[in-house]
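Reviewing the structure listed below.
Number of protein chains: 2
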Amino acid sequence: MNISEASSRTGLPAKTIRYYEEIGLIKPMRGANGYRAFRDKDIHKLAFLGRARALGFSIEDCRTLLALYEDDGRASADVKHVALQQLDQIDRRLEELKEMRATLARLVSACAGDSRPDCPILSDLAQRMGDD
Amino acid sequence: MNISEASSRTGLPAKTIRYYEEIGLIKPMRGANGYRAFRDKDIHKLAFLGRARALGFSIEDCRTLLALYEDDGRASADVKHVALQQLDQIDRRLEELKEMRATLARLVSACAGDSRPDCPILSDLAQRMGDD
DNA sequence: CCTTGACCTTCCAGTCACGGGAAGGCCCAT
DNA sequence: ATGGGCCTTCCCGTGACTGGAAGGTCAAGG
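Here the protein sequences come in this chain order: A and B. Each residue of the first sequence is one higher than the last, beginning at 44 in my numbering. Each residue of the second sequence is one higher than the last, beginning at 44 in my numbering.
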């Protein structure tokens, strides 16, 4: 299987697949012509990576998860640990975004949005008069 | 005022201040020795930038906002437009993170997290059996 | 006067996870 | 043999910085 088929089967761009090989996440075979030859195992791994990335795991976390996946003697606690850290990071990011959103929404609703120059958004950015 | 004082007054790292000069957001004077000499105007702008960045605005948005701030003939509608776009982007990011969080939380709670190898997190990543 | 240490400067490289595009080889059908 | 569509590697660019090296400057103490 060539890279374009691997791409369409996994939904990952060919560029991404080459990158994943470059950083050692997958090791596809090579044909006599130098083309990558993807086996089912590689497709499987790529799909795994795509789903882990969609959950926001970093590439290094993905590497860890893939290693755990391939280790029959793993402890599920190790997997859970990685996932809990990721959950925590998502929660922190959510908190941050919610605060931004609250402040921004308040400013936006205070701004007339007409042709006059007076603007509470700019006033706030200039002096941060309001709370948050 | 030297860069370290500008840094402590604005809360921005000196590196960041130099970067902002490099990309043309601020234009501090220079002393005879080549040191940057920050005036109140520069400090003010840097604080503005720091707050805009804290609301998640991109550097290019910050450039636009700063230009509007310095334009007495601006229309507040223009400011509001930029802010609304930012609000929209935050909302999209929030949605994405909430979905990730929901999936991840479900997987985490399904995982025993003990010494056994069976792990619903890995099973899901491997095959995406669940919904979503 | 000399040294020390804390400033300051510029420049280069690295981050993260790719994406764009060039230059060139390969494959298959006409 | 030619065309078009694959494939390859290689290098640069992204955003918004951060780290660090190499070297100039300044003020205080001996």
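No residue lacks a Cβ here, since even glycine has one placed at the ideal position from N, Cα and C. Since the model is a prediction, treat every value here as computed from it, not as a measurement.
Taking the CB atoms as reference points, tell me whether residue 129 (chain B) and residue 100 (chain B) lie closer together than 8 Å.
yes
Among B:118, B:51, B:158, B:93, which one has its Cα closest to the Cα of residue 121 (chain A)?
Among B:118, B:51, B:158, B:93, the Cα nearest to that of residue 121 (chain A) is on B:158.
Hey, out of A:127, A:146, A:118, A:102, whose CA is closest to residue 162 (chain B)'s CA?
A:118
Would you check if there are 3 or more beta carbon pairs closer than 8 Å linking the stretch 130-141 of chain A to the stretch 45-65 of chain B?
no
Taking Cβ positions only, does residue 58 (chain B) come closer than 8 Å to chain A?
no
Residue 115 (chain A) classed as buried or exposed, judged by whether at least 16 other C-beta atoms fall within 10 angstroms
With fewer than 16 Cβ atoms within 10 Å of its Cβ, residue 115 (chain A) is classed as exposed.
For residue 174 (chain A), would you say it is in contact with chain B, using Cβ-to-Cβ distances shorter than 8 Å as the test?
At residue 174 (chain A) the pLDDT is 47, less than 50, meaning the model places this residue with poor confidence; the figure from the coordinates comes in the next sentence. Not closer than 8 Å to any Cβ of chain B, the Cβ of residue 174 (chain A) fails to qualify, so no.
Output the distance between the C-alpha atoms of residue 146 (chain A) and residue 78 (chain A), rounded to the nearest integer angstrom.
53 Å
Assuming residue 46 (chain B) contacts residue 102 (chain B) under a Cβ cut-off of 8 Å, what Cβ separation, rounded to an integer in Å, is found between them?
Wrong, their Cβ atoms sit about 19 Å apart, outside the cutoff.
If we count the other Cβ atoms within 10 Å of its Cβ and call it buried at 16 or more, is residue 143 (chain A) buried or exposed?
buried
Expressed to the nearest angstrom, what Euclidean distance is found between the alpha-carbon atoms of residue 50 (chain B) and residue 149 (chain A)?
29 Å
Using DSSP's beta-bridge definition, name the partner residues of residue 73 (chain A).
Looking at the DSSP assignment, residue 73 (chain A) forms a beta bridge with A:79.
I think residue 88 (chain A) touches residue 164 (chain B), with their Cβ atoms under 8 Å apart; what is that distance to the nearest whole Å?
Not really, about 16 Å apart at Cβ, beyond 8 Å.
How far does the alpha helix (DSSP H) with residue 10 (chain B) in it reach, from first residue to last?
There is simply no residue 10 (chain B) to check, as chain B begins at 44 and stops at 175 in what is shown.
Using a beta-carbon distance below 8 Å, is residue 63 (chain A) in contact with chain B?
no
Flag residue 169 (chain A) as yes if its beta-carbon sits less than 8 Å from any beta-carbon of chain B, otherwise no.
Interface residue, yes.
Spatial neighbours of residue 111 (chain A) within its chain, please: CB distance less than 7 Å, with the 5 preceding and 5 following residues excluded, ordered by chain position.
117, 121, 122
By alpha-carbon positions, which one of B:140, B:156, B:95, B:52 ends up nearest to residue 125 (chain A)?
B:156
What residue range is occupied by the uninterrupted alpha helix (DSSP H) comprising residue 163 (chain B)?
163-170
For residue 166 (chain A), the nearest candidate out of B:153, B:168, B:108 (CA to CA)
B:108
Residue interval of the alpha helix (DSSP H) (run including residue 50 (chain A))
46-53
How would you label residue 73 (chain A), buried or exposed, when you count the other beta carbons within 10 angstroms and need 16 or more for buried?
By the 10 Å Cβ count, residue 73 (chain A) comes out exposed.
Classify residue 98 (chain A) as helix, strand or coil using the three-state DSSP reduction.
coil
Against chain A, with Cβ distances strictly below 8 Å, would residue 126 (chain B) count as a contact?
yes
For chain B, find out if any of its Cβ atoms is closer than 8 Å to the Cβ of residue 146 (chain A); answer yes or no.
yes
Measuring only between beta-carbons, confirm whether residue 133 (chain B) sits less than 8 Å from chain A.
So yes, residue 133 (chain B) belongs to the interface.
Integer Cβ distance of residue 96 (chain B) from residue 68 (chain B), believed to fall under 8 Å:
About 11 Å; that fails the 8 Å criterion.
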